[in-house]
Structures are given as C-alpha cells and as structure tokens.
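Student:
Residue numbers (the numbering used here): 11 to 418.
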C-alpha cells in the first residue's frame, strides 16, 4: 500500500510531464506505423514495376482508356456532323412556319396597303421575326442534345459489349468492334429523332410564338432598344417559356412511345434515352446549353450598337429611317441569299461611321431576322462544323452529361 501511495504521489507531482511523454510516445508510434506502411507500399510498387506481367497489364489499361476517350470524342463529332446534316431541313421548315420573307416582300412591293394594313403587317413581322430567331435557338439546342443522348447510348452499348467479350483482363484491346445491335434496330432508334422536326417543331413554334406575343404585344415598333435592353427583351421571352412552361418545352423531346415499339432492342434503347431526357440532370444540361446559345445571340446582336463601328455604305443600305406611323420598310432582305452578304457587310469595320447607342425596334427586326441564318448555318464543305451556335451549345455540362451516358 505504501508503494502504491508513493507511485500515486509521484504521478500527481509529474502529471504534466507524464502526459507529454505519453503524447510524444503515442505520436511516435503512429508516425512510425504510417512510415512503415508507406515503405511497404513503395516496395510493393517497385516489385510490381519489375513484374513484366503487371507492366503489360498496366500498359494495356492505359491504351484501353485512351481508346475509349478517342471513341467518345468521335461520338461527339458524329453528333455535330449529324446535326449539321439536318440543319437545312430544320431551317426550311421554320422558314415556312414563320414566314418572315413574305411579310417583308408585302411591305416592300404592295403599294395598295392602307396605313392600318401596313401597321398590322409590321406588327405581324415583329412577332414572326422574334419567334423565328428564338425558335431556331431552341430547336438547335434541343436537337443537338437529343442526338448526343442517342449516339452516346449506342456508343455505351458498343463499349460494354466489347469489354464483356474480352474475358478476364477486362481490357478492350486495340479497337472497339461491332456490337450485337442490328443496323435495323439502330436505324429505328435514331429515326425517332425526326419527331422534333415534325410534331415536336409544331409544339415548339406554338410555344415560342405565344411567349413572344405575350411579351411584345404592347411594345411599340418605335421603342428604342440598346444592347442591354434588347438582351433583356430576349430574357423576358425566355422566362415566359422556361419558367412557367418548361414541361411544355421538354415535351418537344418526348418523341417516342416505347410501349408501341414492337422491336425489343429498339424499345430498350428508347426506354434508356427517355430515362436520361426526363432526368433532373438533363434539365440543368439543357439550361446550360440554352444559356450559351442565347449569350452567343446577344453578342451577335450587340454589334449593331455604339460600342462597334460599321461601314457607312452598310449603314445607309440596311438601316432606313422610320416614319411616324412605323410604315417604312427596312431595305434589308431576310432571305437566306441576301443574309450572307448583309452579314459580311455588317461585319466590315469602318474608320468613319459609329453606330447609334440605341435603335427603334423596327430597325432591329431585320437584324434579328438575319441571326436566324447564323443560328442554322450550314457548312457542308467543312469536316468540322463552324456554326458558332452549334459549338456554343456543347457546353462543359453537356460534355460531362454525355460522358456519364457513355461510360456508365
């Protein structure tokens, strides 16, 4: 007992020192264990590096991953190329459904129109010009995303089957071969994308036209817009569509009833694509794509204002004065044939004539209409599409979403 009391007294006298010693010893043991484990891991790694079989498997794994990345990138280029192939038909359909050119021609050539008829025609031109350009942005973005989803699903199937067929290594070797899906099943699956160019496009045009009317019905053609207020007008129209009617917008992509599909392979593909299209993540990806496309539109329209300059020839030819009744017709045609020359003229930098800080909406309408041709620009001579809007639509969020589909 005397011994225990002496030990206790010693512990009380040297309490802090004993605690410090315990901490130091404990920390030393912990660090020593960590260092030992790291040394063992390093030895294991060195042994593996000296093992030919391990190094061979490692090199094959790196090659496989590189190949998968190359194939994934190829799938995205195919999507761009596919969109580029259908742009012409999309542009033609929108031009017919929202016939800006006939109204422009009517105002230019029909001298028998009364003042009331001219004002009414101008109001129609306002609605159609804005509707056509905005519908083009939505159609391009939606179609691009739809085709990316479809093509990456097909690529994912091909990759999964290639991995499954290579036994214990799990590596895909030096190439990705054909999959078990028949050409007919793939064609049937991809053909459903035509919905957006038919019934889906009808829904889209009706939706956009209604939103444009609601926002601009009370906006006079004489109202001046600068770069900021014009972008704000487009945002207001977007809000009408994307905030209160987003489900209607997405219905443009509800392109298939898989229950009516008789081919089981095609039905599986449709079900998988609809799962992705109806996911919350797709909503974010779609918004990202639309934001990028509308930012590009804002930038293209901004060149009409004071921060830029244009040639006096282009200004005088393309920007007429507006009369008190809003009946003067801008001399710029909105047709495809004239838009390219107008675009090149407006892009000409001058040393003389500065652009105004704001313009009446009537003078901006032909410029808004010309954007339609830029949005649905066709470049068949280029292996890589140069359409700025198509490039903008493929945001980082879109790439990550496609990667999720492809490598899932």
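Glycine is no exception: its CB is placed at the ideal position from the N, C-alpha and C atoms.
For residue 314, name the three-state secondary structure that DSSP assigns.
Tutor: Three-state result, residue 314: coil.
Student: Kindly indicate if chain B contains any beta-carbon less than 9 Å away from that of residue 128.
Tutor: Going by chain labels, chain B is absent from the structure shown, which holds only one protein chain.
Student: Would DSSP call residue 123 helix, strand or coil?
Tutor: Coil at residue 123, not helix or strand.
Student: Since residue 226 is in the alpha helix (DSSP H), which residue starts that stretch and which ends it?
Tutor: First-last of the alpha helix (DSSP H) with residue 226: 209-226.
Student: For the alpha helix (DSSP H) that residue 257 lies in, which residues bound it at each end?
Tutor: Per DSSP, residue 257 belongs to the alpha helix (DSSP H) from 256-260.
Student: Helix, strand or coil: which one does DSSP assign to residue 191?
Tutor: Note: residue 191 maps to coil in three-state DSSP.
Student: Taking its Cβ as the centre, do 16 or more other Cβ atoms sit within 10 Å of residue 186, making it buried, or is it exposed?
Tutor: Note that residue 186 scores a pLDDT of 44, beneath 50, so its modelled location is shaky; the value from the coordinates is reported in the next line. Buried, since its Cβ has 16 or more Cβ neighbours within 10 Å.
Student: Who are the Cβ neighbours of residue 223 in its own chain at under 6 Å, not counting the five residues just before and after it?
Tutor: The residues are 137.
Student: Starting from residue 235, follow its DSSP beta bridges and name the residues at the other end.
Tutor: Residue 235 pairs with 369.
Student: In whole angstroms, what separates the C-alpha of residue 329 from that of residue 261?
Tutor: With a pLDDT of only 36 at residue 329, under the threshold of 50, the placement of this residue in the model should not be trusted, and no figure is reported.
Student: Check residue 116 in the structure and name its three-state DSSP category.
Tutor: Residue 116 falls in the helix class under three-state DSSP.
Student: Helix, strand or coil for residue 250? Go by DSSP, reduced to three states.
Tutor: Helix at residue 250.
Student: Mind checking residue 146: buried by the 16 CB within 10 Å criterion, or exposed?
Tutor: Buried, because 16 or more other Cβ atoms sit within 10 Å of the Cβ of residue 146.
Student: For residue 272, which three-state DSSP category applies?
Tutor: Residue 272: coil per DSSP, three-state reduction.
Student: How about residue 241: is its Cβ closer than 8 Å to a heavy atom in the ligand NAP?
Tutor: Among the ligands in the structure shown, none appear at all, so the ligand NAP cannot be discussed.
Student: Note down, in chain order, each residue of its chain lying with its Cβ closer than 7 Å to the Cβ of residue 283, except the 5 sequence neighbours on either side.
Tutor: 159, 160, 163, listed in sequence order.
Student: When you compare only the Cα positions, how much space is there between residue 336 and residue 384?
Tutor: Only weak support is given to the placement of residue 336: the predicted model assigns it a pLDDT of 46, under 50, and the question is left unresolved by the model.
Student: For residue 404, does the three-state DSSP call read helix, strand or coil?
Tutor: Note: residue 404 maps to coil in three-state DSSP.
Student: Can you check whether the CB of residue 377 is closer than 9 Å to the CB of residue 311?
Tutor: For residue 311 and residue 377, yes; Cβs fall inside 9 Å.
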